[in-house]
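So the number in my numbering is just where the residue sits in the sequence shown, counting from 1, plus 1486. Note that beta-carbon positions come from the ideal geometry of N, C-alpha and C, so glycine has one too. Source: prediction; values computed, not measured.
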Amino acid sequence: MINEWEEFCAYTGTVSYTASKKSDTTYLGRFTFATILEFEGMARILTILARGYLFHDKNGAVVPGDPCDRIAYARRALCAWCSAPEKGKTAPKDEWQFRTDFSELRAEFPELVNADGTGWFLRHVLAVADFTLTHPEKVRSTSLKNAEIIRAKFAAAWRNKVMQYQIPIFSTQTKGAWTLRFDDVLADALELGLLRREEPELPAEIREKIEAVLPKEVPARVVCTLIAYYLANKQDDCEWVVLPVTNFDAYFGDTSFSKKQLPKIPAEIVERSNSFGVSRFRVSPEYLP
């Protein structure tokens, strides 16, 4: 969550579809079933992708020049990553109609879309379902139920979501309200800039102070990661930082963070707020370097 280039690579590289035991969610990669089935956390994922293609080459080096000149390129990358073959044989789309199959971008983004129009994300989700249903002894029963839902319903739901992403930012249609769009993602990506690689380290005395007040259910590394994330993302004009809870769940490997650990972090260390549907937090000054 702090090394954003590593996060970008997790969304574009090869996932290891394995599990050593039922609590092992390696096969999910940097995703949760909430992301897959409810599309939670997609704003951060798409923004990380957009920043990667706006500011970096495929080896991570910074691309010189004005990133605004690469907006169309980054948008094509998002389309390729999200690509989904359209069901059956459909007539060619008119220019004004949205589509979901971006197989023509295969030559430009071979890492993101197959020749048949299956983008990275859809390919990954289907592979998760295949692994889960093929190895029921290695996954939880809830994962099996989720895999069955994926097999039956995900492709259609994802095609609808991809069409929503393409709605113009100034659309006057009701269906364009309160939805995530590629235009929003690209605007955020331009504002946030380069993907971060630096990982702030907390002094030993602060780590010891944190461990002294934590309940046993909350690992110290979880709180230290939260504080490091806060330090890396805090703006000079605001003491609050947006908390992407679902993405943190994926980073830690399961939903224990959001369901069990986050609610038990003492308020004297981390204060949380939920305003206008945005989860945010701030760290008490005595727990900052």
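Distance from Glu1697 to Lys1750 at the Cβ level is roughly 14 angstroms; contact not present, criterion being Cβ atoms closer than 8 angstroms.
Of the candidates Glu1754, Ala1753, Asp1735 and Ile1755, the residue whose Cα lies closest to the Cα of Lys1746 is Asp1735.
For Ser1627, the enclosing alpha helix (DSSP H) covers residues Ser1627 to Ile1635. Taking C-alpha positions only, Gly1546 is separated from Tyr1715 by approximately 21 angstroms. Less than 8 angstroms separates the beta-carbon of Gly1603 from that of Ser1569.
The stretch 1722–1737 and the stretch 1680–1695 do not touch, with fewer than three beta-carbon pairs separated by less than 8 angstroms. In this structure, Ala1615 lies away from Ala1641, with their beta-carbon atoms at least 8 angstroms apart. Gly1605 sits buried, since 16 or more C-beta atoms from the chains shown fall within 10 Å of its C-beta. If you compare the alpha carbons of Asn1489, Leu1612, Glu1677 and Phe1668 with that of Arg1562, the shortest gap goes to Phe1668. Nearest C-alpha to Ser1589 among Ala1566, Val1611, Leu1608 and Glu1597: Ala1566. Checking the DSSP bridge columns, you'll see Asn1545 has no partner listed. In this structure the stretch 1612–1631 touches the stretch 1489–1504; the number of beta carbon pairs closer than 8 angstroms is three or more. If you draw a straight line from the Cα of Val1709 to the Cα of Val1625, it comes to about 28 angstroms.
In this structure, DSSP gives Val1727 an extended state, which the three-state scheme calls strand.
Between Ala1558 and the set Pro1571, Lys1573 and Ala1536, the nearest pair of CA atoms involves Ala1536. For Phe1767, the uninterrupted beta strand (DSSP E) segment begins and ends at Val1764 to Val1769. Between the C-alpha atoms of Asn1489 and Ala1496 there is a straight-line separation of about 11 angstroms. Here Arg1758 is bridged, per DSSP, to Phe1767. Taking the Cβ atoms as the reference, Leu1681 lies roughly 6 angstroms from Gly1538, within the contact range of under 8 angstroms.
Val1501: not part of any alpha helix (DSSP H); DSSP gives it neither H nor E.
Per DSSP, Asn1646 is one residue of the alpha helix (DSSP H) stretching across Ala1641 to Tyr1651. Per the DSSP secondary-structure output, Val1599 pairs in a beta bridge with Gly1605.
A residue is called buried once 16 or more other Cβ atoms fall within 10 Å of its Cβ, and Glu1493 is buried on that count. Judged by DSSP secondary structure, Asp1674 falls within the alpha helix (DSSP H) whose first and last residues are Phe1668 to Leu1678. When the Cα atoms are used, Asn1760 and Phe1767 turn out to be separated by approximately 9 angstroms. A Cβ-Cβ contact shorter than 8 angstroms links Ile1636 with Ile1522. A distance below 6 angstroms between beta-carbons, with the five flanking residues on each side excluded, links Leu1717 to the following residues of its chain, in chain order: Pro1686.
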